[in-house]
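Worksheet for the structure shown next.
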Amino acid sequence: MGQCFSDTASLTDFVNRPGVEDKQLTAEDIKRGLGLTAKHLKSKKKQITVVAVGGAINTILLRSRASTADVDFFSVDAASNPILRDGIKSAAKTMQLGEGWMNNHTALFIAPNTKTNLYNEAISDGVVIFDEPGLKVLAAPWMYCLVAKLEKAGKRGNAKSYDMSDASQYLIQESKRRGAKIKVADIEAKAIAYEAKIQEGQIKELKALCGGYIEE
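According to UniProt numbering, the sequence shown holds residues 1 to 216 in order.
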């Protein structure tokens, strides 16, 4: 997933590159921002569904984090992006946030076919983070969240102190969804499928954090 699949200079469906935000977003901040965005979309007679990845899931849904830097998402409805972008900007102005508070930067690193498959899987899983007239936000599939976070945790200069804690939460959710422990081979297979590079050290740390949910 480290490969960039789009040219940022010519990408027409790109919504708000993330910038340096002045504040971390709490669950209440996120709910308010999404609510304002939803109202804008509703006023334009639009109903859009997007898929969230990363810290927003941990903050607003799993409550395993007090805050996150932004709401990272992807969608497959490029035609609606200008209206969505305007809604995000409007919410940013009202809340005095940078426009990158909600962005689809993650979409640059997902192959188009993979993005469509993940979107459809998220629709099928139906893990709802936010749902109001105008906007629905779903969580990305847990296994995708897991391998993406494991890859990030293994990158020097990019890893954050909370990455492995986030990864353990995704593993637990997938284990609960299946009603069984998650095999290491399954994680490795998904990493290959998503073109993510994960290291043995991250798997070992994952076992130490939540050994009751993972097995060889």
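Quick reminder that beta carbons are idealized off the backbone N, C-alpha and C, glycines included.
Since we're looking at a predicted model, the values are computed, not measured.
- Message: Assuming Lys136 is part of the beta strand (DSSP E), what are its boundary residues?
- Response: The continuous beta strand (DSSP E) containing Lys136 extends over residues Leu135 to Ala139.
- Message: Going by DSSP, what residue range makes up the alpha helix (DSSP H) through Ala193?
- Response: According to the DSSP assignment, Ala193 belongs to the alpha helix (DSSP H) that extends over Val184 to Ala193.
- Task: Apply the 10 Å Cβ neighbour rule to Asn158 and answer buried if 16 or more other Cβ atoms are within range, or exposed otherwise.
- Result: It is exposed - the Cβ of Asn158 has fewer than 16 other Cβ atoms within 10 Å.
- Query: Ile30 and Leu135: beta carbons closer than 9 Å?
  - Reply: No, they are not a contact pair.
- Item | Contiguous beta strand (DSSP E) assignments of at least 3 residues, all confined to the region 85-162 | 128-132 and 135-139, all fully within the region 85-162.
- Query: Between the C-alpha atoms of Gly211 and Leu150, what's the straight-line distance to the nearest angstrom?
  - Reply: Leu150 has its alpha-carbon roughly 16 Å from the corresponding atom of Gly211.
- Query: Ends of the beta strand (DSSP E) at Ala52?
  - Reply: Taken as a continuous stretch (DSSP letters only), the beta strand (DSSP E) holding Ala52 covers Ile48 to Val53.
- Item | Of the listed residues Leu34, Gly55 and Ala91, nearest to Arg65 (C-alpha basis) | From the listed residues Leu34, Gly55 and Ala91, the smallest Cα separation to Arg65 is found for Gly55.
- From Glu215, Lys23, Ala69 and Phe74, pick the residue whose C-alpha is nearest to that of Ala180; which is it? That would be Glu215, whose Cα lies nearest to the Cα of Ala180.
- Query: Can you tell me where the beta strand (DSSP E) with Asp72 in it begins and where it stops?
  - Reply: In the DSSP assignment, Asp72 falls within the unbroken beta strand (DSSP E) covering Val71 to Phe74.
- Task: Label Thr116 either buried or exposed according to how many other C-beta atoms from any shown protein chain fall within 10 Å of its C-beta, with 16 as the threshold for buried.
- Result: Under the 10 Å beta carbon count, Thr116 is surrounded by fewer than 16 other beta carbons and is classified as exposed.
- Message: For a test of the three-state rule: what should DSSP assign to Glu215, helix, strand or coil?
- Response: Here Glu215 sits in strand by DSSP.
- Beta-carbon proximity check, Leu25 vs Val50, cutoff 9 Å: Remark: C-beta atoms of Leu25 and Val50 do not approach each other more closely than 9 Å.
- Item | Three-way DSSP call (helix, strand, coil) for Leu41 in this model | Taken through DSSP and simplified to helix, strand or coil, Leu41 comes out as helix.
- Query: What residue range is occupied by the uninterrupted alpha helix (DSSP H) comprising Ile203?
  - Reply: Membership of Ile203 in the alpha helix (DSSP H) is indicated by the continuous run Glu200 to Cys210.
- Tell me whether Thr94 is buried or exposed, calling it buried when 16 or more other Cβ atoms sit within 10 Å of its Cβ. When all chains shown are included, Thr94 counts as exposed.
- What is the DSSP secondary structure of Leu25, reduced to helix, strand or coil? Strand at Leu25.
- Query: How would you label Lys183, buried or exposed, when you count the other beta carbons within 10 angstroms and need 16 or more for buried?
  - Reply: That one is exposed.
- Task: Quickly, what does DSSP pair Thr68 with across the bridge? List them, please.
- Result: Answer by DSSP bridge pairing, in chain order: Leu25.
- In angstroms, rounded to a whole number, what distance separates the CA positions of Thr114 and Lys23? Straight-line Cα distance between these residues: approximately 32 Å.
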